[in-house]
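Colleague: Counting in this note's numbering, the sequence shown tops out at residue 711, every number present.
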Amino acid sequence: MKNQFDQIIVGGGVIGCSIAYQLAKRGYRVLILEKNHIGCEASSAAAGMLGAQGEFTERSPLFQFAQESRALFKDLSEELYEKSGIDIQYIHKGIMKLAFHQQQYSKLKTIAAFQREEGNPAYLLSREEARQMEPGLTENLHAVLYLPNDGQVSACHLTKAFSLAACHHGAVLQEQEKVSGLLVENGTVQGVRTIEAAYYADQVVIATGAFGDELLPEDYGTLPMKGECLLLELDQELFRSTLWMEGCYLVPKQGKKVIVGASSIAGKTNKHVHAASVQRLLSRAQKMVPQLAEARISSFWAGVRPATADELPYLGEIPGVKGLYVAKGHYRNGILLSPITGIYMADLIEKKPVNPFYYDRFRVDRQSNKREKAGESK
Ligand SMILES: Cc1cc2nc3c(=O)[nH]c(=O)nc-3n(C[C@H](O)[C@H](O)[C@H](O)COP(=O)(O)OP(=O)(O)OC[C@H]3O[C@@H](n4cnc5c(N)ncnc54)[C@H](O)[C@@H]3O)c2cc1C
């Protein structure tokens, strides 16, 4: 039957496309339905940092998941290039976290100790050592924490590459087609409905990021966290590592470009870029690398991160609706977490054994999320 598939993936962001890729690679007939175009939301707004260390200051379920995901990128970049012809621009030049005074330095020392306890390289550098590695850095530094194993990719190239690689394995991609409802009979999902048609499958995965919550029971909604970014163009390359300070990061991109990010505005889904955010980001960017004052502003944009109450993603089957899965809520790290999420969800759908620790912490009806929600409403 023309509209019959093994799985339907609702949402063509990096998460939906990674899941589609893994399932199609395993021989399933997969349909991706995207209401606009591939990667049109958070997945192209992202700076593309793979901050498996930089984003974590303490042990958490996500920390381990992130480490596993980061380790997949090197081979993945080659695999996706072969299957899609797209270079995801994987760069492995580390992240530098900057301290401008003693108090910030003390925090970095604690993070360095934690990272080393976990077996990860983490180096505390003096101002002189840091400026030797990155001469573009300001002289007004106190010290730096260097995490050499964190890297970055181009988020929109990664998303596109996943979608084309899925199609390479036979997945069908329908853009400009919004899913308006689910087809459920006797507690089992049958497929989805769009304005154009009905599509049928044994499993449906909702991967709609910060949107599409109306498709799910109320309990499993996401919390939008808007972020604004700028792209700067330079005459010469000023640094090669990603640079980070409280409230700002700088991610150097191909072609002497730098992404400056990002604001965090809770509860907003609009895409306006505010003058005050631009001002704050630019002043912090120049605090880190003074020569950025001469850069040209090439573009600016906003995107919406899909957060959850306990800041862990929802990965699993919805209780009470057989075959209905959700993969949402990757918040600040969806690009980093996309490879492992694709594999994890494909394993769940195939009923393969998964790490019980992840299963317990990411399942949609977990206790921690309920506790956080109850706490929030106080
Ligand atoms: C400014 C900013 C910077 C970021 N930087 C980083 C970073 O450096 N590193 C990192 O790892 N992460 C970063 N993130 C987070 C990352 O972008 C997200 O976690 C990730 O993109 C989420 O992917 P997703 O596929 O879940 O959601 P999305 O990319 O939002 O995709 C969801 C898709 O579903 C579609 N959709 C919604 N409803 C429907 C429907 N009813 N029918 C059909 N389609 C539908 C949407 O159109 C959209 O294309 C950043 C985010 C922002 C906003």
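Glycine included, every Cβ here is placed at the ideal spot set by N, Cα and C. Note that the structure is a prediction, hence the values are computed from the model and not measured.
1. In the structure shown, what three-state DSSP assignment does Ser351 receive?
2. Thinking just about the alpha-carbon of each residue, which of Ile630, Pro550 and Gly554 is nearest to the one in Pro791?
3. Kindly list the residues whose CB is nearer than 6 Å to the CB of Gln507, restricted to its own chain and excluding five residues on each side of it in sequence; keep chain order.
4. Counting only the same chain and skipping the five closest in sequence on each side, list residues whose C-beta sits under 6 Å from that of Gln337.
5. So if DSSP puts Gly649 in a beta bridge, which residue, or which two residues, is it bridged to?
6. Can you check whether the CB of Ala608 is closer than 7 Å to the CB of Gln619?
7. Run the proximity test for His663: is its beta-carbon closer than 6 Å to any non-hydrogen atom belonging to ligand 1?
8. Per DSSP, Ala432 forms a beta bridge with which residues?
9. The beta strand (DSSP E) spanning Arg526 covers which residue range?
10. Whose CA, out of Thr541, Tyr479, Leu395 and Ala504, lies closest to the CA of Gln465?
11. Is Leu405 near Gly484, with beta carbons less than 7 Å apart?
12. Report yes if the C-beta of Cys373 is less than 6 Å from at least one heavy atom of ligand 1; otherwise report no.
13. Does the region 655 to 674 come within contact of the region 350 to 366, defined as at least 3 CB pairs closer than 8 Å?
14. Would you kindly work out how many angstroms separate the C-alpha atoms of Ile342 and Ala628, rounded to a whole number?
15. Count the other CB atoms within 10 Å of the CB of Phe389; is the residue buried (16 or more) or exposed (fewer)?
16. Would you check if the distance between the CB atom of Val522 and the CB atom of Val697 is smaller than 7 Å?
17. In or out: Asp788 buried (at least 16 other Cβ within 10 Å) or exposed?
18. Near Val517, which residues of its chain fall below 8 Å by C-beta distance, leaving aside the five closest residues on each side in sequence?
19. From which residue to which residue does the alpha helix (DSSP H) around Ile673 run?
20. Pull up the distance between the alpha-carbon of Leu431 and that of Leu564, whole angstroms please.
Modeller: Let's see:
1. helix
2. This structure cannot speak to residue 791, because the chain is shown only from 334 to 711.
3. Leu366
4. Tyr533
5. Val659
6. no
7. yes
8. Ala476
9. Thr521 to Thr527
10. Tyr479
11. no
12. yes
13. yes
14. 41 Å
15. buried
16. no
17. Within the shown structure, residues of the chain are numbered from 334 to 711, placing residue 788 beyond reach of any answer.
18. Gln523, Val654 and Leu657
19. Gly667 to Ile682
20. 21 Å
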